Amino acid sequence: MSPSLTLSCRLMSVVVAAVVAASAGPAAAEPLQWQGQAALATELTDRGLSVFERRPTLQAELGVSRGRWALGAALSARAADGRDRRVLARLSHYRTLSDDWQLDGGLGYYGYPGGVYARSFNRVEASAGASFRDLLSFNLTALHYRAWRGRRGGLQWAFDAGLRWPLAGAWSLTASLGQADVPPLPQRRYHYGGVGVAWAASGWRVELNRLGADSTAQRLLGETAHPRWSAVVATNF
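Structure below.
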């Protein structure tokens, strides 16, 4: 079994163990809710950057929630040969402030068991965010990266804002903007973002976005930060 598959199985084991523990609660507790998603994307992106060469990527997610808590795990891999992988695990907590505002916080792990450059994105994240009517979202994240090529891992910060504005029918306009440290080069801040359109209906979602990062990221990372079109087709199950 490959290292990435082994790690993803371990992550799923954590999810299952947590579900079993939650199921041992009182009978009056809220029921478990399972959800999953499968997607095909033109590339694997991470805060405006294309982590690997631009290749079609398969993505699968599985999550379970109970009340205000949610657990999830995901695996992404190049569609053609299963290479260029990413594994993800996340624990989240949600709280509703009013009919308009919702707060959320979470702890997540991102693992890239690929080449040397990809492993520079390995990290643990702790985040806190707020959303307004599913239209606007704001998120502040503390990231701890692993050491890379002799550089010490350390704590970094990122800020993200997103917009999803309804258009006619099932269509909506999307936009995002963020700021973070260049992963392999701490203390080098860069800006990233994108604009696009999305269609969602009957459990399906299709998005087309124009993504990119600023001149700082382009100078340090080259083509992985250049403006480009990115698309994804996803279905829920």
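Under mature numbering (1 follows the signal peptide of the UniProt record, and there is no 0), the letters of the sequence shown match residues -29 to -1, 1 to 208, in that order. C-beta: ideal position from N, C-alpha, C; glycine also. Note that the structure is a prediction, hence the values are computed from the model and not measured.
Which residues in the same chain as residue i place their Cβ atom closer than 7 Å to its Cβ, once the five residues preceding and following it in sequence are excluded?
i      : result
Arg104 : Asp71
Leu138 : Leu144
Val204 : Ala10, Leu11 and Val177
Trp136 : Leu106, Ser143 and Leu144
Hey, residue i and residue j: beta-carbon distance below 8 Å or not?
i           : j      : result
Gly149      : Arg18  : yes
Ala184      : Ala172 : no
Leu15       : Ala188 : no
Thr145      : Gly174 : no
Arg66       : Leu74  : yes
Tyr80       : Leu59  : yes
residue 217 : Ser47  : Lying before the first or after the last residue shown, residue 217 is absent from the chain, which here runs from -29 to 208.
For residue i, collect the residues of the same chain with a Cβ closer than 6 Å to its Cβ; drop the 5 residues on either side in sequence, then sort them by chain order.
i      : result
His64  : Arg39, Trp40 and Gly76
Asp55  : Phe23, Arg49 and Gly85
Val166 : Ala146 and Arg181
His162 : Gln150 and Asp185
Trp170 : Ala141, Trp142 and Val177
Quick one: what does DSSP say residue i is sitting in, helix, strand or coil?
i           : result
Glu14       : coil
residue 217 : In this structure the chain extends from -29 to 208, so residue 217 is not present and cannot be described.
Ala(-3)     : The pLDDT assigned to Ala(-3) is 40, lower than 50, so where the model puts this residue is not dependable; a value taken from the coordinates is nonetheless given after this. It is coil, neither helix nor strand.
Tyr161      : strand
Ala(-8)     : With a pLDDT of only 47 at Ala(-8), under 50, the local geometry of the prediction cannot be trusted, and the value read off the model is given with reservation. The answer is helix: DSSP assigns Ala(-8) an H, G or I state.
Tyr80       : strand
Leu106      : coil
Ser21       : strand
Ala41       : strand
Arg66       : strand
Ser173      : coil
Ala9        : strand
Ser186      : helix
Considering only the alpha carbon of each residue, which of the options lies closest to residue i?
i           : options                           : result
Glu96       : Phe130, Tyr161, Ser108 and Gly164 : Phe130
Ala202      : Ala12, Phe109, Gln4 and Ser98     : Ala12
Gln4        : Glu32, Arg37, Gln30 and Ala31     : Arg37
residue 237 : Pro198, Ala9 and Leu138           : With the chain represented from -29 up to 208, any question about residue 237 goes unanswered, as that position is not in the structure.
Trp142      : Gly82, Ala132, Val168 and Gly133  : Val168
His115      : Trp136, Leu68, Leu126 and Gly140  : Leu126
Ala51       : Tyr81, Ala151 and Gln30           : Gln30
Leu33       : Gln8, Pro137, Tyr80 and Ser47     : Gln8
Trp128      : Gly82, Pro2, Ala99 and Tyr88      : Ala99
residue 232 : Asn110, Arg57, Ala44 and Gly140   : With the chain represented from -29 up to 208, any question about residue 232 goes unanswered, as that position is not in the structure.
Ala132      : Ala113, Thr112, Leu107 and Ala44  : Leu107
Gly82       : Ala44, Glu1, Ala113 and Arg135    : Ala44
Phe208      : Gln6, Arg57 and Trp136            : Gln6
Leu134      : Gly140, Ala113 and Ala101         : Ala101
How about residue i: is its Cβ closer than 7 Å to a heavy atom in the ligand MN?
i     : result
Asp52 : The model on display carries no ligand, and the ligand MN is accordingly not part of it.
Between residue i and the rest of its own chain, which residues show a CB-CB distance below 8 Å, the 5 nearest in sequence each way excluded?
i        : result
Thr(-24) : Confidence is the limiting factor: at Thr(-24) the pLDDT is only 49, short of 50, which leaves the residue's position unreliable, though a coordinate-based value still follows. Around Thr(-24): no qualifying Cβ.
inquiry  = Using 8 Å as the cut-off, can you tell me whether the region 25 to 44 makes contact with the region 82 to 96, which would need three or more C-beta pairs spanning the two stretches below that distance?
reply    = no
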